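Student: Got a structure for you, written out below as structure tokens; questions coming shortly.
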Amino acid sequence: MNESAIATPGVYVNEISVLPPSIAQVSTAIPAFIGYTEKALDEKGLPLVGIVPTKIFNLKEYEQHFGKAENETITVNVNLVTSPVSITAVANIASPNPHNMYYSLRHYFDNGGGPCYIVSVKPSSTVGVSDTDLSAGIAALEAFDEPTLFVIPEGQAIPTASDYYALMQEAVDQCADLQDRFTLVDVHDQSGNTTTNIATFRAASALASHLNYAAAYYPNLKTTYEYQYLETGVTVNLNKDGVASTPLLSTLLPTESIVYHAAKDAIKKFLHPVLPPTPAVAGIIAATDADRGVWKAPANVAVSAVFDVTDFITDAEQAGMNIDPGPGKSVNAIRPFNGKGILVWGARTLDGNSSEWRYVSVRRFFIMVEESTKKATQQFVFEPNDANTWTKVRAMIENYLTLLWREGALAGAKPEHAFFVKCGLGQTMTAQDVLDGKLIVEIGMAAVRPAEFIILRFMHKLQES
Numbered sequence: 247m248n249e250s251a252i253a254t255p256g257v258y259v260n261e262i263s264v265l266p267p268s269i270a271q272v273s274t275a276i277p278a279f280i281g282y283t284e285k286a287l288d289e290k291g292l293p294l295v296g297i298v299p300t301k302i303f304n305l306k307e308y309e310q311h312f313g314k315a316e317n318e319t320i321t322v323n324v325n326l327v328t329s330p331v332s333i334t335a336v337a338n339i340a341s342p343n344p345h346n347m348y349y350s351l352r353h354y355f356d357n358g359g360g361p362c363y364i365v366s367v368k369p370s371s372t373v374g375v376s377d378t379d380l381s382a383g384i385a386a387l388e389a390f391d392e393p394t395l396f397v398i399p400e401g402q403a404i405p406t407a408s409d410y411y412a413l414m415q416e417a418v419d420q421c422a423d424l425q426d427r428f429t430l431v432d433v434h435d436q437s438g439n440t441t442t443n444i445a446t447f448r449a450a451s452a453l454a455s456h457l458n459y460a461a462a463y464y465p466n467l468k469t470t471y472e473y474q475y476l477e478t479g480v481t482v483n484l485n486k487d488g489v490a491s492t493p494l495l496s497t498l499l500p501t502e503s504i505v506y507h508a509a510k511d512a513i514k515k516f517l518h519p520v521l522p523p524t525p526a527v528a529g530i531i532a533a534t535d536a537d538r539g540v541w542k543a544p545a546n547v548a549v550s551a552v553f554d555v556t557d558f559i560t561d562a563e564q565a566g567m568n569i570d571p572g573p574g575k576s577v578n579a580i581r582p583f584n585g586k587g588i589l590v591w592g593a594r595t596l597d598g599n600s601s602e603w604r605y606v607s608v609r610r611f612f613i614m615v616e617e618s619t620k621k622a623t624q625q626f627v628f629e630p631n632d633a634n635t636w637t638k639v640r641a642m643i644e645n646y647l648t649l650l651w652r653e654g655a656l657a658g659a660k661p662e663h664a665f666f667v668k669c670g671l672g673q674t675m676t677a678q679d680v681l682d683g684k685l686i687v688e689i690g691m692a693a694v695r696p697a698e699f700i701i702l703r704f705m706h707k708l709q710e711s
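Under the numbering used here, the letters of the sequence shown match residues 247 to 711, in that order.
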């Protein structure tokens with residue numbers, strides 16, 4: 247037996263930790279997708295009662311709980327000449343279903359997305375998209391602490407741009423009130439023209455406050471996915487040697503196999519869901535956070551499962567999208583580049599005229615730090631409001647920020663150039679604050695340039711001295 251392990255009678259050892267408590271970093275990229283789904287089932291397979299945000303981890307879970315997309319009604323025009331054999335086929339959807347949640351979730355996961363919340367407001371068999379329904383979905387998330395991003399992919403289907411932007415303002419307001427989440431906004435695409443769409447967006451008075459809690463992206467994306475459909479829902483306008491007929495696709499295979507396969511190929515070639523950019527951007531943000539950190543701008547990254555954009559943006563147009571001397575609503579472009587693919591080419595918040603909150607990475611980084619430190623310091627709410635507690639709080643936060651600085655999250659050659667933490671009498675609190683049980687913490691961080699600090703300040707109510 248090891249002699250050092252033998253207990254000495256009358257000698258007692260108490261191990262006392264001299265290290266300050268640590269800060270557990272909160273999750274940074276947990277999107278909440280709000281919209282209409284084919285079904286809404288809980289983990290037991292029972293229908294969800296009301297609007298219940300549900301966490302999923304992959305597309306398979308989405309399909310299990312919320313189903314897939316609605317089947318489209320498709321028309322295929324086929325012209326067949328039998329001698330010599332010649333056939334052409336063109337497919338068309340007169341009015342694609344506005345409920346695109348399934349395709350959006352697929353796009354999110356294909357671009358690096360991870361865990362997320364689904365907020366099913368109504369069945370996707372519902373005709374049209376209502377801002378009232380989606381508003382209820384936003385409200386349902388207020389009681390949930392984990393979601394950090396709002397994504398509303400069906401919002402563009404709201405007929406009036408002003409109603410859509412008013413809905414987005416509701417999401418942004420919740421972000422500002424809770425200070426732990428961020429909204430991704432799709433520009434309402436009505437004209438297919440960059441200048442017109444951006445001008446309409448900036449003129450929308452419905453979206454005008456708390457702009458640093460949101461970022462906008464433009465244009466929409468042409469994906470490589472295939473629409474979901476039933477062969478009984480596909481009408482073939484067949485012209486065979488000058489004789490017209492309109493059979494359903496489901497009836498063609500036994501007798502007109504060449505027409506059947508030509509129609510199927512046309513559907514695969516010509517019909518691809520066009521999606522708003524924010525689901526893919528949410529996936530890119532999740533992947534960037536995991537690979538590099540929340541302080542890395544989610545930009546200069548290729549969008550997966552996309553072959554084109556709905557609108558090509560010139561350098562001059564993007565310059566105008568980046569900077570707006572009026573309301574300051576910056577819009578991030580998504581552009582194709584030769585040899586690079588289709589890239590997210592911008593990382594600004596809507597608050598483009600702000601010197602502090604101009605960039606998505608800065609705003610989201612501060613959200614992460616504030617939320618992490620606020621939760622970590624809650625352990626002191628029953629401690630005495632004295633110098634001992636203040637020292638522990640400062641040491642805990644300084645250790646956390648030092649680790650972030652070493653990872654490259656903060657600018658500065660030395661820690662004192664990158665951040666400071668203040669907590670105590672004469673620094674952040676008066677004698678009356680101490681008597682009232684107020685623990686006030688002030689954190690300064692240089693996220694862009696050394697020694698240019700953006701200040702966070704929060705308070706906990708402790709036991710009164």
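Beta carbons are placed, not taken as given, at the ideal position from N, Cα and C, and that holds for glycine. Source: prediction; values computed, not measured.
Who does residue 568 pair with in a DSSP beta bridge?
Tutor: BP columns for residue 568 are empty, so no partner.
Student: Buried or exposed: which applies to residue 609, given that a residue is buried once 16 or more other Cβ atoms fall within 10 Å of its Cβ?
Tutor: buried
Student: Taking 7 angstroms as the cut-off, is the beta-carbon of residue 486 closer than that to any non-hydrogen atom of the ligand NAP?
Tutor: Among the components modelled here there is no ligand, and therefore nothing to report on the ligand NAP.
Student: Rounded C-beta distance between residue 541 and residue 607? I'm assuming under 8 angstroms.
Tutor: 5 angstroms
Student: Excluding five sequence neighbours on each side, which residues of the same chain lie with their C-beta closer than 8 angstroms to the C-beta of residue 751?
Tutor: For the chain, the structure presents residues 247 to 711; residue 751 sits outside this window and is missing.
Student: With a CB to CB cut of under 6 angstroms and the five nearest residues on each side skipped, what residues in its chain are close to residue 602?
Tutor: 700
Student: Between the stretch 277-294 and the stretch 364-381, can you find at least three pairs of beta-carbon atoms closer than 8 angstroms?
Tutor: When C-beta atoms of the stretch 364-381 are compared with those of the stretch 277-294, three or more pairs fall below 8 angstroms, so the two segments count as touching.
Student: At the level of alpha carbons, what is the spacing between residue 443 and residue 377?
Tutor: 20 angstroms
Student: Identify every residue that forms a DSSP beta bridge with residue 373.
Tutor: DSSP, once it has assigned bridges, lists no residue as partnering residue 373.
Student: Please say whether residue 545 and residue 590 have beta carbons closer to each other than 8 angstroms?
Tutor: yes
Student: Nearest to residue 321 by alpha carbon, out of 629, 383, 487 and 514?
Tutor: Residue nearest to residue 321 within the set 629, 383, 487 and 514 is 514 (criterion: CA-CA distance).
Student: Where are the beta strand (DSSP E) runs, 3 residues long or more, that stay fully inside the stretch 356-406, in chain order?
Tutor: 362-369 and 395-397
Student: Note down, one range per segment and in chain order, each alpha helix (DSSP H) of at least 4 residues found wholly within the stretch 526-588.
Tutor: The stretch 526-588 contains these whole alpha helix (DSSP H) runs: 561-568.
Student: With respect to the beta strand (DSSP E) encompassing residue 463, which residues constitute its N-terminal and C-terminal limits?
Tutor: 460-464
Student: Classify residue 492 as helix, strand or coil using the three-state DSSP reduction.
Tutor: coil
Student: If you follow the beta strand (DSSP E) that residue 336 is part of, which residue opens it and which one closes it?
Tutor: 331-338
Student: Considering Cα atoms alone, identify which of 403, 472, 670 and 642 is closest to residue 379.
Tutor: Considering only alpha carbons, the answer is 403.
Student: I'd like to check one pair, residue 663 with residue 693: are the Cβ atoms closer than 8 angstroms?
Tutor: no
Student: Is residue 706 helix, strand or coil when you go by DSSP?
Tutor: strand
Student: Nearest CA to the CA of residue 308: which residue from 323, 360 and 272?
Tutor: 360
Student: Would you say residue 384 and residue 420 are within 8 angstroms of each other, going by their C-beta atoms?
Tutor: yes
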